[in-house]
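In our numbering, the protein residues as written are 731 to 774. Below is one structure; the comments refer to it alone.
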Ligand SMILES: [Zn+2]
């Protein structure tokens with residue numbers, strides 16, 4: 731378990747690069763798309 735500083739989370743908000751929606755932190759770090767857009771990409 732790695733503690734994440736609050737300031738780091740604020741500086742690096744996870745936002746979907748496709749629609750700009752906020753991405754749930756439960757997703758992997760390499761994911762830059764929300765669940766909705768991610769499904770579209772996964773389908774392709
Ligand atoms: Zn999206």
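Glycine residues also receive a C-beta, built at the ideal position from the N, C-alpha and C atoms.
Counting the other Cβ atoms within 10 Å of the Cβ of residue 749 gives fewer than 16, which makes it exposed. In this structure, the C-beta of residue 762 stays at least 7 Å away from each heavy atom of ligand 1. Collapsing the DSSP output to three states places residue 744 in coil. The C-alpha of residue 770 is placed about 13 Å away from the C-alpha of residue 747. Here residue 768 has 761 as same chain residues with Cβ atoms under 7 Å from its own Cβ, once five neighbours each way along the sequence are excluded.
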